[in-house]
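The sequence shown runs 1 to 179 under the UniProt record's numbering.
Yeah, the Cβ is synthetic: ideal placement off N, Cα and C, and Gly gets one too.
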Amino acid sequence: MDEEIKNKIKKIRILILDVDGVLTDGRIILNDAGQESKHFDVKDGHGLKMIMRYGIDVILLTGRSSSVVMHRANDLGIREVFQGILNKKEFFQQLISERGLNPEEIAYIGDDFVDVPLLKRSGFSVAVKDAVSEVKQFADFITDNPGGRGAVREVCDLILKVQDKWAEVAERYELGGYE
């Protein structure tokens with residue numbers, strides 16, 4: 001990984017995630033009663049819990065509204081969930097203005113056209129492996145794993161490593177070899 005990307009990652013204080021196609025595999029399952037379910041990867045969830053433990057705030061941002069997303073966020077301890085956001089660019093501008101943030105402090109993970117405005121404005125932009133091909137050109141980093149299948153964990157681990165927090169993670173989990 002080149003130094004420019006590492007320098008971007010070192011500044012990250014907030015990770016914003018799209019949900020469908022990033023935190024999930026993009027499938028929406030509806031049963032006969034119209035109840036919705038989604039597939040989440042437990043390793044992605046653990047990655048999010050780890051980066052929150054080490055000082056990175058996590059925000060879920062999605063154009064859809066789903067109680068399933070709230071259940072998953074509550075399970076992970078994610079307090080900031082914004083659903084039904086159709087204009088992500090406007091949301092982003094409001095977020096940085098209200099919190100006095102620099103866009104360089106924000107990482108964003110997306111997978112589709114609606115994510116491009118935030119990919120272009122975030123300090124560290126990520127597209128998942130199975131993102132729409134046109135979207136990938138706006139990303140600083142493309143994951144090796146597809147959305148909902150380890151892509152989020154990959155980014156969480158990367159942030160922890162580049163921000164020199166991985167030795168603490170290794171010690172906590174007795175991974176060894178990370179002095």
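| query | result |
| --- | --- |
| DSSP-derived helix/strand/coil call for A107 | strand |
| Validate contact between the region 14-26 and the region 164-177 using beta carbons, cut 8 Å, 3 pairs | no |
| Opposing strand residues paired with F124 [DSSP bridges] | A107 |
| Straight-line Cα distance separating E36 from S66 | 8 Å |
| Among N145, A33, D115, the one whose alpha carbon lies nearest that of L86 | D115 |
| Inter-residue spacing [alpha-carbon to alpha-carbon] between G148 and K161 | 21 Å |
| Cβ-Cβ distance between Y108 and L118 below 7 Å | yes |
| DSSP state of D115 mapped onto helix, strand, coil | helix |
| N-terminal and C-terminal residue of the alpha helix (DSSP H) that L95 is part of | 88-99 |
| Cβ contact check for the region 71-85 and the region 54-62: 3 or more pairs under 8 Å | yes |
| Distance, P103 Cα to I16 Cα | 12 Å |
| Unbroken beta strand (DSSP E) run spanning V19, endpoints | Unbroken run through V19: none, as it is neither H nor E. |
| Closest by C-alpha distance to R121, when choosing among S133, D112, Q93 | Q93 |
| Buried versus exposed call for L158 [16 or more other C-beta atoms within 10 Å across all chains shown] | buried |
| N-terminal and C-terminal residue of the alpha helix (DSSP H) that L175 is part of | Here L175 belongs to no alpha helix (DSSP H), and DSSP marks it neither H nor E. |
| Assigned exposure category for A151 - 16 Cβ within 10 Å defines buried | buried |
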